[in-house]
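Let me begin by presenting the structure, written as structure tokens, before commenting on it.
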Amino acid sequence: AQLHPDVVVLDIQMPKASGIEVTRWVRQHHREIGILILTAYDDDPYVMAVIQAGANGYVLKTASPDEIIQAVKDV
């Protein structure tokens, strides 16, 4: 089955590929998909890297459930 998501939620650190690499791939192949980074990293270099890679949003794992839901809706 082939999926057609409106939004993907990624972490910066994932087992097989970084969220930054996946963000770049999604941007190159599926520009219409929103990308939200959900991560524990709040360091400026990580934030800048994912934004430059094409992420639409960035939220910390310490955010409340309501904040995370709103972030998904916003992208």
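In terms of this note's numbering, the sequence shown opens at residue 27 and continues consecutively. C-beta: ideal position from N, C-alpha, C; glycine also.
- Task: In the DSSP assignment, find the alpha helix (DSSP H) that holds Val48 and state where it starts and stops.
- Result: Along the sequence shown, read from residue 1 onward, the residue named residue 48 stands at position 22. Where Val48 is concerned, the enclosing alpha helix (DSSP H) stretches over Gly45 to His55.
Note to self: Just verifying my parser: in three-state terms, what is the DSSP assignment at Tyr67?
What the structure shows: Position 41 of the sequence shown holds residue 67. Looking at Tyr67 - three-state DSSP - the assignment turns out to be coil, as it is neither helix nor strand.
| message | Measuring only the C-alpha atoms, how far is Val98 from Lys42? | response | Residue mapping note: residue 98 aligns to position 72 of the sequence shown, counting from 1. Residue mapping note: residue 42 aligns to position 16 of the sequence shown, counting from 1. Cα to Cα, the separation comes out at about 23 Å.
* To do: Assign Leu29 to buried or exposed, taking buried as 16 or more other Cβ atoms, counted over all protein chains shown, within 10 Å of its Cβ.
  => For this step, residue 29 is matched to residue 3 along the sequence shown. Leu29 should be labelled exposed.
request  = Report the partner residues of Val35 according to the DSSP bridge assignment.
outcome  = Numbered from 1 along the sequence shown, position 9 holds the residue referred to as residue 35. As a beta-bridge residue in DSSP terms, Val35 pairs with Leu62.
- Would you call the stretch 68-77 and the stretch 51-60 in contact, with 3 or more CB pairs under 8 Å? As far as the Cβ criterion goes, the stretch 68-77 does not touch the stretch 51-60, which means the pair count is below three.
- Closest by C-alpha distance to Ile105, when choosing among Ser90, Asp92, Val35 and Gly80: Since the first and last residues shown for the chain are 27 and 101, residue 105 lies out of range.
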